[in-house]
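Scroll down for the structure; my scribbles are underneath it.
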Amino acid sequence: NYTLQSQLPANATVRILAEEGRQYLVYINNWHPGKKQREEQIVSPSDFKLPINLPSGNYTCNWIEPTSGLRTKTIIKNHKGGEYIFYPSGITQDLALMIKKD
Numbered sequence: 001n002y003t004l005q006s007q008l009p010a011n012a013t014v015r016i017l018a019e020e021g022r023q024y025l026v027y028i029n030n031w032h033p034g035k036k037q038r039e040e041q042i043v044s045p046s047d048f049k050l051p052i053n054l055p056s057g058n059y060t061c062n063w064i065e066p067t068s069g070l071r072t073k074t075i076i077k078n079h080k081g082g083e084y085i086f087y088p089s090g091i092t093q094d095l096a097l098m099i100k101k102d
């Protein structure tokens, strides 16, 4: 099992697709159909954390900005299993996080 708890800009949502134990896709949607525009609030890393329970092992992770395609890679070595906290650089738009067990 994995868990997700986070602090987000107002009206943002988080969705996770998981092949548990192998790979995970987290999508942070900073817009809603009933809303006329995106939330322009910038959330700093100290205000935003994304804890996810992961099995033990090594992981390759990529933060992806869908509008620009910009990727930021993170390597997790020798994770003992349990909660791992991810910190994005900030959020004013949608973000995706791909987590793949090596």
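Counting along the sequence shown from 1, when you hit position 37 you're at 37 in my numbering, and nothing is skipped either side. C-beta atoms are modelled at their ideal positions from N, C-alpha and C, and glycine is treated no differently. As the structure is a computational prediction, the values presented were derived from the model and not from experiment.
Buried versus exposed call for I52 [16 or more other C-beta atoms within 10 Å across all chains shown] | buried
Exposed or buried, what is L50 when buried is set at 16 or more other beta-carbons lying within 10 Å of its beta-carbon?
-> buried
Quick one, are the C-beta atoms of I76 and C61 less than 9 Å apart?
-> yes
Can you give me the start and stop residues for the beta strand (DSSP E) that S74 sits inside?
-> The sequence shown places Thr at residue 74, not Ser. Unbroken beta strand (DSSP E) run through T74: 71 to 79.
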